[in-house]
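Take the sequence shown: its position 80, counting from 1, is numbered 80 in UniProt numbering, and each next residue is one higher.
Quick reminder that beta carbons are idealized off the backbone N, C-alpha and C, glycines included.
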Amino acid sequence: GLLISYSPQRPVKPKFSEDCLYLNIYTPADLTKRSRLPVMVWIHGGALLMGGASAHDGLVLSAHENVVVVTIQYRLGIWGFFR
């Protein structure tokens with residue numbers, strides 16, 4: 001996970017961008033056109049305010065469990081869903 005420490009001497013200045021709609025797709029190295037593997041889709045939490053697809057690296061899971069892993073990045077905060 002992501003750990004951020006905050007102090008007045010070191011304020012947190014997260015970077016936001018409207019360009020943030022991504023899918024990360026991780027596949028086993030020996031994938032072929034005839035492979036029929038399960039697909040695991042991971043959508044990060046964070047109360048629609050924080051988090052990201054990059055917090056979960058699906059490379060290890062796809063390699064060791066022989067699955068296709070998809071992580072989704074969606075818009076957060078003012079660019080995302082209104083609450």
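Contacting residues, own chain, Cβ-Cβ under 6 Å from residue i (five flanking each side not counted)
i, result
"Val68", "Thr27, Leu37, Val39"
"Ala63", "Pro28"
First and last residue of the uninterrupted beta strand (DSSP E) at residue i
i, result
"Leu23", "22-26"
DSSP-derived helix/strand/coil call for residue i
i, result
"Ala63", "helix"
"Thr32", "coil"
Whole-number beta carbon distance between residue j and residue i, since they are thought to touch under 8 Å
i, j, result
"Ile72", "Leu23", "6 Å"
7 Å Cβ shell around residue i - same chain, five flanking residues per side excluded
i, result
"Val60", "none"
"Ile43", "Ile72"
"Asn66", "Pro28, Leu37"
Residue i classed as buried or exposed, judged by whether at least 16 other C-beta atoms fall within 10 angstroms
i, result
"Ser35", "exposed"
"Gly45", "exposed"
Beta-carbon proximity list for residue i, same chain, < 8 Å, skipping 5 on both sides
i, result
"Lys33", "none"
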